[in-house]
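Here is the structure we will look at.
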Amino acid sequence: MNSLIVGLDVSSLWCDAVWLEFMPTGALRDFYESPAFAECHRKLEANAKSIQFLVSLEPSVVILEPTRTYSRFWIDCLHREGIPVLKVDQTMIKDTRKSYGGTSNKSDPYDALLMVATYFQHYQITYYRRYWVRERPPEVSKIEQCLRDIGAFNKRRTQTINQAKSRLVYEFPAKAKVRVKKESGKLDPDKLPAWWAWACGWTEQGSWRIPKATKTKFDNEYVKAIAAGEGTGISEVTARLAQQICMWHQSEAMVEQELLSYLNLPEFDCYHRVFDKFGFGCRERGWLLTRCVPFDEMFKCLPKSKAMRRFRQLCGLGATQVQSGKADTRSSFTGSKEARSVLHQFVVRAVERGTHREQKPGGGAIATTPYDCLPKSPEAHSLRVYWVTRAYHKGNKVSGAALKAARNATSRKLAETLFKALWDMR
């Protein structure tokens with residue numbers, strides 16, 4: 021007896037469900053355009069009635085793309101009902117859509133059918149792991165969700181800050197370029213950015229208050245500027261924007277505290293001992309954990325050289341080769357853009373700003389700057405040496421394309437050094 025396979029293509033408002041017991045004969049596109057397809061397809065809304073309908077089908081497995089928040093409702097509900105869920109790689113589905121159906125046109129019902137066909141072809145007949153997303157520990161999934169929420173809050177807060185500053189240019193020019201230092205890993209939802217809190221009138225928040233001296237300073241600066249005709253005064257709209265900035269700060273701080281609670285779980289202690297050798301911050305550690313946990317299952321099953329290539333790819337620092345006749349080129353940086361971004365920023369913030377070469381004829385010794393924050397470890401020292409070797413020529417720091425190449429090369433070196441340390445961790 022054949023088992024029923026269900027494919028779901030999830031969108032923001034509904035999902036398309038297709039169910040089959042066996043692979044359709046002939047071309048997949050012909051079956052999709054036939055009357056038989058309507059008998060095994062239904063559009064479902066995200067509610068309990070739709071979940072009960074899927075349960076009534078008694079599927080042996082449900083296939084869907086992990087579209088983050090959109091697919092979370094369906095995955096959680098199906099897991100509660102004891103129905104297995106397989107997550108198919110979105111990139112592989114996109115790349116194989118034309119080969120299955122002979123067209124690049126995309127439709128949600130056809131994508132749901134394509135997921136069922138992918139299961140039969142690349143899971144049941146011949147298992148091909150690249151089509152399937154590994155089920156990660158729930159703690160790691162929570163970490164990634166926190167990091168994505170923080171990224172969304174940061175983006176919206178930056179937009180609001182830029183809009184508020186554009187209004188301060190004529191309302192209060194002295195503060196049009198105000199900058200608030202935000203220390204990652206130490207945000208407090210009850211401690212607001214002082215200037216923006218003053219601008220919107222939130223001088224008290226729970227047990228927190230703007231220091232009296234700071235409030236007096238802001239008051240005096242504002243009164244003096246307005247009296248001198250330096251600005252029209254902070255409008256109600258700008259005050260509302262300042263209030264939004266404080267609210268985005270609170271939201272980010274609350275999620276960061278949740279992130280720290282997951283990072284401090286004992287199962288991640290061995291990874292943190294490795295991260296301590298590099299001086300990573302909490303958000304860098306979070307993105308790296310989403311790329312490499314569980315390390316033994318993901319990498320120790322492969323030869324070390326191949327495992328390193330996979331690690332670089334997962335960190336967004338992989339390279340693809342394109343060969344045609346005599347032409348043989350490599351395009352760098354494929355994979356997770358978030359992991360690549362945090363590693364690149366770490367190189368700029370910690371390695372580049374904290375290390376330089378002394379100005380001496382022929383190039384001096386490697387020295388640190390007041391911004392140095394790297395620990396005294398062999399791994400950190402190797403990064404310093406590598407950076408200075410690539411970024412300095414005859415004692416002078418390179419610029420332009422050469423500086424960009426040095427940063428990119430150091431990011432790859434960082435990923436390789438980190439992999440070796442993780443490979444040897446106990």
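Quick note: to get my numbering, add 20 to the position in the sequence shown (first position is 1).
From the three backbone atoms N, C-alpha and C, an ideal C-beta is built for every residue, glycine too.
Check your understanding: Considering only residues of the same chain and omitting the five flanking positions on each side of V105, which have a CB-CB separation below 6 Å?
Key -> Counting from 1 along the sequence shown, the entry for residue 105 is found at position 85. Excluding sequence neighbours, V105 sits near V82, I95 and L98.
Review point. Are the Cβ atoms of F447 and A441 separated by less than 8 Å?
Key: Here the chain comprises residues numbered 21 to 446, so residue 447 is not present and cannot be evaluated.
**Study point:** M21 to E41 span [Cα, whole Å]
**Key:** Your numbering for residue 21 matches position 1 in the sequence shown. Your numbering for residue 41 matches position 21 in the sequence shown. Any reading at M21 must be qualified, since the residue scores a pLDDT of 43, below 50, and its modelled position is unreliable; the value itself is stated next. The straight-line gap from Cα to Cα measures roughly 9 Å.
Point to revise | Nearest to A359 (by Cα), restricted to the options L309, T340 and D316 | key: Position 339 of the sequence shown, counted from the start, is the residue given in the question as residue 359. Closest option to A359, Cα to Cα, is L309.
Review point. Thinking just about the alpha-carbon of each residue, which of A219, P209, G374 and R176 is nearest to the one in R187?
Key: Locating residue 187 in the sequence shown gives position 167, where the first residue counts as 1. Per the Cα distances, A219.
Practice item. Please look up how many angstroms separate the CB atoms of I265 and W216, rounded, as I've assumed it's under 8 Å. Key: Working through the sequence shown from its first residue, we reach residue 265 at position 245. Working through the sequence shown from its first residue, we reach residue 216 at position 196. So it is a contact: roughly 5 Å between Cβ atoms.
Practice item. Decide yes or no for the touch test of the region 247–261 against the region 182–198: beta carbon pairs closer than 8 Å, at least 3 of them. Key: yes
Check your understanding: Just how far apart, CA to CA, sit L207 and A273?
Key -> Position 187 of the sequence shown, counted from the first residue, corresponds to residue 207. Position 253 of the sequence shown, counted from the first residue, corresponds to residue 273. Cα to Cα, L207 sits roughly 5 Å from A273.
Check your understanding: Can you round the beta-carbon distance between E399 and A387 to whole angstroms, since I take them to be within the 8 Å contact cut?
Key -> Walking along the sequence shown from the start, residue 399 turns up at place 379. Walking along the sequence shown from the start, residue 387 turns up at place 367. Not quite, the Cβ-Cβ distance comes to about 19 Å (not below 8 Å), so this is no contact.
Check your understanding: Distance, Cα to Cα, R432 vs R293?
Key -> As a working note, residue 432 is residue 412 in the sequence shown. As a working note, residue 293 is residue 273 in the sequence shown. Their Cα atoms are separated by approximately 21 Å.
Review point. Span of the alpha helix (DSSP H) holding H292?
Key: In the sequence shown, residue 292 corresponds to position 272, counting from 1. Start and end: D289 to D296.
Practice item. Compare the C-alpha of Y412 against each of P55, Y90, P157 and T375 and name the closest. Key: Here residue 412 is taken as the residue at index 392 of the sequence shown, counted from 1. When only C-alpha atoms are compared, the closest one is T375.
Exercise for review: Find the nearest neighbour of M328 within the set C60, K417 and D444, judged by alpha-carbon distance.
Suggested key: Residue numbering aside, residue 328 sits at position 308 when the sequence shown is read from its first letter. M328 has its Cα closest to that of D444, out of C60, K417 and D444.
Check your understanding: Buried or exposed: where does V26 fall if 16 or more other Cβ atoms within 10 Å of its Cβ makes it buried?
Key -> If you number the sequence shown from 1, residue 26 lands on position 6. Result: buried.
**Study point:** Cβ neighbour criterion (16 or more within 10 Å) applied to R88
**Key:** Here the question's residue 88 lines up with position 68 in the sequence shown. With fewer than 16 Cβ atoms within 10 Å of its Cβ, R88 is classed as exposed.
Practice item. To the nearest angstrom, report how far apart A426 and N416 are at their CA atoms. Key: The count along the sequence shown starts at 1 and reaches residue 426 at position 406. The count along the sequence shown starts at 1 and reaches residue 416 at position 396. C-alpha separation (whole angstroms): 13 Å.
**Study point:** For Q225, the residue or residues it bridges with in DSSP
**Key:** Here residue 225 corresponds to residue number 205 of the sequence shown, with the count starting at 1. W228, per the DSSP bridge assignment.
Practice item. Answer yes if the region 219–237 comes into contact with the region 154–162, meaning at least three C-beta pairs across the two stretches below 8 Å, and no otherwise. Key: no
Review point. Helix, strand or coil for V275 per DSSP?
Key: Along the sequence shown, one-based indexing puts residue 275 at 255. In the structure shown, V275 sits in a helix (DSSP, three-state: H, G or I).
Practice item. Compute the Euclidean distance between the alpha carbons of R62 and Q165, then round it to the nearest angstrom. Key: The count along the sequence shown starts at 1 and reaches residue 62 at position 42. The count along the sequence shown starts at 1 and reaches residue 165 at position 145. Looking at the two C-alpha atoms, the distance is approximately 30 Å.
Review point. Where DSSP assigns a beta bridge to E65, which residues make up the other side?
Key: Against the sequence shown, residue 65 aligns to sequence position 45. The partner list for E65 (beta bridge, DSSP) reads W34.
Check your understanding: Which residues mark the beginning and the end of the beta strand (DSSP E) in which A387 is found?
Key -> Here residue 387 corresponds to residue number 367 of the sequence shown, with the count starting at 1. First-last of the beta strand (DSSP E) with A387: I386 to T388.
Point to revise | Complete alpha helix (DSSP H) runs within the region 191–255 (minimum length 4 residues, chain order) | key: 214–220 and 232–247
Review point. With distances taken from CA atoms, which of T437, Q365 and Q110 is nearest Y406?
Key: For this step, residue 406 is matched to residue 386 along the sequence shown. Closest by alpha carbon: T437.
Practice item. State whether the region 29–44 contacts the region 132–140, with contact taken as three or more CB pairs (one from each stretch) at a distance under 8 Å. Key: yes
Practice item. Quick one: residues in its chain with C-beta nearer than 6 Å to the C-beta of P44, no 5 flanking neighbours on either side, listed in chain order? Key: Against the sequence shown, residue 44 aligns to sequence position 24. Correct list, in chain order: F51.
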